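In this text, residue positions in the sequence shown follow this note's numbering: the first is 188, and each later residue adds one. Glycine included, every Cβ here is placed at the ideal spot set by N, Cα and C. Remember, predicted model here, so these are calculated numbers, not experimental data.
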Amino acid sequence: MGLPSSSSRPCKRRAPPAAEVDRPAPAGLGACVGRRRFLHLAAGAVGAAACCPAAGAVSAGTAAPPLLLAREAPAGLDPAGYLVSEKLDGIRAYWDGRVLRFRGGGLVQAPPSFTRGLPAQPLDGELWAGRGRFEALAAAVRDARPDAVAWRAVGYHVFDLPEAGGGFEARAARLQRLVGRLALPQLVAVAQRRVDDRAALRRWLDEVVAAGGEGLMLHRADASRRPGRHEALLKLKPSQDAEALVVGHLPGRGRHEGRLGALKLRLPDGREFAAGSGLTDAERAAPPPIGSTVTYRHRGLTARGLPRFPSFVRVREAAW
């Protein structure tokens, strides 16, 4: 059975914590797309327009950090040659040696106690509060005035040393040693391991998902650091199909202005959510009618039991 599809130089001196104030992320189309909209804000909109820098603060309007981005793992992938780790349901964060930044370059408003002691060299990782706790994580991270108590539940789980040479396996070993020397409670080196074969990979994926995890990450052990999205880094996540009733059409924005932006869907128990991805231009121009039943694909459930990352698949003829 096949698997599912699923630089700058480091600073020598530590800068004082930044004093920018980020505005809270705006609400999205619904509970299930709020996370995606918040991450979009963190990626691109937490710049000069979304921050109010205090005098002397480090500017948030910088270029995006040089991140390696993952592609979807192909079906039937042989894990030989990869180091594998759990995919964390968190928020990508890049430590540039002085400040912590979102993937778009905006400053993460972490309390000084969180960044104190981090090394004067870049780190790439994920802010994470545990499985099924993304909502609590997002609430802490988007707080304009960081709550040191809330941040105690947040860890910085790092998986790469961006400016270290050599292949990923060598960088991961150096990272483990660095984190061990620093011994900071908030700093964790993500565990990497080899997987024998496809069956073992599938078993691990099933175990992670059953325990509330999101999936797995596979990184070519011999790959040098190269920013961008390519085959050196793969993500492996399950997807699930279900049905829901169309109860509304939500207007689009940007290039979708004037047509459907998302479907408002209702579950059999009466709870509602929005699905804005998976729709073709034709379906946005002539959306599935209200009252119709549609199939959507999702990747598990949120802490509130709503579908995660719902994506429209097709209209079903049958009613409930």
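When the five nearest sequence neighbours on each side are left out, the beta carbons in the same chain lying within less than 6 Å of the beta carbon of Asp409 are those of Gly354, in order along the chain. Contact annotation, Leu255 with Leu362: C-beta distance approximately 14 Å; criterion of less than 8 Å not satisfied. Under DSSP, no beta-bridge partner is assigned to Asp330. C-alpha of Asp334 to C-alpha of Pro494: approximately 29 Å in a straight line.
In summary, Ala267 is exposed, with fewer than 16 beta-carbon neighbours lying within 10 Å of its beta-carbon over all protein chains present. A straight line joining the alpha-carbon of Ala251 with that of Pro414 spans about 11 Å. Across the structure, Gly284 and Arg332 are spaced so that their CA atoms are roughly 22 Å apart. In this model, His485 and Phe346 are separated by some 27 Å (Cα to Cα). According to the DSSP secondary-structure assignment, Thr467 is paired through a beta bridge with no residue. Leu369: member of the alpha helix (DSSP H) spanning 355-369, first to last residue. Measuring C-alpha to C-alpha distances from Gly400 to each of Lys451, Gln296, Ala316, Gln308 identifies Ala316 as the nearest. Across the set Leu437, Gly465, Leu466, Phe496, the C-alpha of Phe496 shows the shortest separation from the C-alpha of Lys424. Exposure of Val434 is indicated by the presence of fewer than 16 other C-beta atoms within 10 angstroms of its C-beta. Excluding its 5 nearest sequence neighbours in each direction, Thr489 has C-beta neighbours in its own chain below 6 Å: Arg495, listed in chain order.
Ala387 counts as exposed, since fewer than 16 other beta carbons sit within 10 angstroms of its beta carbon. If you look at Arg501, you'll find it in the beta strand (DSSP E) that goes 498-503.
CA-to-CA, the gap between Ala260 and Arg385 works out to about 12 Å. For Val382, no beta strand (DSSP E) segment is defined, and its DSSP state is neither H nor E. By a beta-carbon distance limit of 8 Å, Gln379 contacts Ala359. Their separation comes to about 5 Å.
His344 places its beta carbon less than 8 Å from that of Val375.
Within the model, the alpha-carbon separation for Glu322 versus Ala472 is close to 33 Å.
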